Amino acid sequence: MTDFEPFYDVNLSYDDNYAKGPFGAFAAALAGDGGVSAASEGGNTGTVDFLGHQVNLPFGIPAGPLLNERFTTAAFRMGFDLATYKTVRSRAWGCNPFPNVLAVHPKSADGSLIPGSAELDEGVLADTRYEQPISISNSFGVPSRDPDEWQPDMKRAIAAAGPGQLLIPSFQGSRVEGMTTDDYIADHVTTARLVTETGADLMVMNTSCPNEGHNRLLCHDPALVGRITEAVKNEIGDRALAIKMAYIPPTEVTGGWGPERTIVDDSALEFMVRETAARGTVQAFSAINTISAKLVDAAGNQALPGAGRDRSGVCGRAIRRAGLDMVARLAAIREKLGLDYTIIGLGGVVSPEDYAAYRAAGADAVMSATGAMWDADLARKIKAAR
Ligand SMILES: Cc1cc2nc3c(=O)[nH]c(=O)nc-3n(C[C@H](O)[C@H](O)[C@H](O)COP(=O)(O)O)c2cc1C
């Protein structure tokens, strides 16, 4: 990848990206050069409803690579009509040591990593050879600036959306030593309130970051997610609340992962829906976040330096099949329970065909983090392919 500069520079630290980014085509768009005007993009094809907002194309970038207002504004100018502001917390929070991104090379012919497969525990090759279709690992630990810094910046980000565009804030709770469950719930509520103070009128709550320890994902405890979302919804009132989830496997299947697979029992995912959307506390699900895998270098040694980093979250093409699977199941449960929640589908979207596949699986909106990082024209290409 010598001819292309991702807008987030993986060769620089998170702090340097925050201070100096975005790069490449996003930098040019910010400078007023080469960007797409929102009005000209959406003008001919009409808008669609997304959680009560009219958007040109229900496509954009999820929480992650858009670190601050400069990144989200550049994303809007490049025609990404949904731009998610990277997950914020109630307090300043440090980033994992550099490097935070590596290229990942699964063994299978189509480059997929299948949830539950032995490869995830045995080791997946990770290095600095970035190749299309792109798969990477990201290991940041969900850093956050202090609210005194991110609140005014998020306010500017919201104001920079063009016609038919929407800024989506992302937040999560912070679990610190000595916290009770009630304290942890209260931290989510505090952070949601801080987000509302920026003028946001919807938000996505992250329940799914494997980089905090892959055995401790909030979304693996749907009853606690239910308690937290109820408390958050009480705080934010009519504003829409989405929750971001990791891949949740079906409870019982026959036929493995091929086309012959039948889901016999999907009660784990259905329980999550019952604890949240069915109670009116959650209006949308965003799925999926990264899939945790052991990462090794060519010699079989730990690829990311440092304690606790033997495993890391994989995203990009490798998780496309898992993302589509989760979206189709969320759509089936929506139908079964007669609910109307919004599904934001993501995981491995790198082309207009991937966008179409997610829409066909039941996603109302689609997002791309890794694919957009390696193709700043992705939104334009999807619009051109419509
Ligand atoms: C550089 C980077 C940083 C990320 N940071 C966050 C984050 O702060 N919060 C979050 O909910 N997800 C985060 N993610 C996960 C993405 O939102 C997304 O769920 C995941 O990357 C799968 O989508 P993809 O295959 O299009 O990359 C991050 C992803 C990337 C690539």
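The working numbering applies: residue 21 is where the sequence shown begins, and numbers increase by one.
A virtual CB, placed ideally from N, CA and C, is assigned to each residue, including glycine.
Since this is a predicted model, take the numbers as computed values, not measurements.
Work out the CA separation of residue j and residue i for me, nearest whole Å.
| i | j | result |
| --- | --- | --- |
| residue 337 | residue 286 | 25 Å |
| residue 387 | residue 320 | 33 Å |
| residue 93 | residue 190 | 16 Å |
| residue 73 | residue 402 | 20 Å |
| residue 204 | residue 362 | 27 Å |
| residue 295 | residue 150 | 40 Å |
| residue 405 | residue 372 | 7 Å |
| residue 212 | residue 325 | 33 Å |
| residue 348 | residue 360 | 14 Å |
| residue 393 | residue 106 | 14 Å |
| residue 341 | residue 352 | 17 Å |
| residue 201 | residue 47 | 42 Å |
| residue 206 | residue 248 | 8 Å |
| residue 182 | residue 194 | 32 Å |
| residue 226 | residue 254 | 18 Å |
| residue 102 | residue 188 | 7 Å |
| residue 169 | residue 374 | 36 Å |
| residue 290 | residue 44 | 42 Å |
| residue 34 | residue 26 | 14 Å |
| residue 62 | residue 282 | With a pLDDT of 45 at residue 62, under the threshold of 50, the modelled position of this residue cannot be trusted, and the question is left open. |
| residue 395 | residue 367 | 15 Å |
| residue 239 | residue 50 | 36 Å |
Within this structure, are the beta carbons of residue i and residue j separated by less than 8 Å?
| i | j | result |
| --- | --- | --- |
| residue 266 | residue 228 | yes |
| residue 99 | residue 385 | no |
| residue 171 | residue 96 | no |
| residue 306 | residue 224 | yes |
| residue 323 | residue 122 | yes |
| residue 145 | residue 318 | yes |
| residue 156 | residue 124 | yes |
| residue 38 | residue 85 | no |
| residue 90 | residue 41 | yes |
| residue 264 | residue 381 | no |
| residue 369 | residue 378 | yes |
Where does the unbroken beta strand (DSSP E) through residue i begin, and where does it stop?
| i | result |
| --- | --- |
| residue 272 | 272-274 |
| residue 91 | Element bounds for residue 91: not the beta strand (DSSP E) but the alpha helix (DSSP H), 89-97. |
| residue 49 | From DSSP, residue 49 is part of no beta strand (DSSP E) but of the alpha helix (DSSP H) over 44-50. |
| residue 288 | Unbroken run through residue 288 is the alpha helix (DSSP H), 287-295; no beta strand (DSSP E). |
| residue 82 | Looking at the DSSP string, residue 82 is not in any beta strand (DSSP E), and its letter there is neither H nor E. |
| residue 189 | 186-191 |
| residue 15 | It is not possible to answer for residue 15, since the shown part of the chain is limited to 21 through 406. |
List the residues that DSSP assigns as beta-bridge partners of residue i.
| i | result |
| --- | --- |
| residue 73 | 70 |
| residue 307 | 265, 365 |
| residue 335 | 156 |
| residue 237 | Partner(s): none; residue 237 has no beta bridge. |
| residue 147 | 123 |
Over what stretch of residues does the alpha helix (DSSP H) that includes residue i continue unbroken?
| i | result |
| --- | --- |
| residue 254 | 242-256 |
| residue 31 | Residue 31 -> no alpha helix (DSSP H), and no H or E assigned at all. |
| residue 202 | 201-216 |
| residue 168 | 167-179 |
| residue 141 | 139-142 |
| residue 352 | 340-357 |
| residue 222 | Segment 222-226 is the beta strand (DSSP E) holding residue 222; no alpha helix (DSSP H) there. |
**Request:** Say whether the stretch 100-120 touches the stretch 128-140, bearing in mind that this needs 3 or more beta-carbon pairs closer than 8 Å, one atom from each stretch.
**Result:** no
**Message:** If contact is defined by three or more beta carbon pairs under 8 Å, each pair taking one atom from either stretch, is the stretch 173-189 in contact with the stretch 203-223?
**Reply:** yes
**Three-pair Cβ contact test at 8 Å for the stretch 274-281 versus the stretch 293-302** = no
**Prompt:** Looking at C-beta atoms only, is the number of pairs between the stretch 328-344 and the stretch 305-316 that lie closer than 8 Å three or more?
**Reply:** yes
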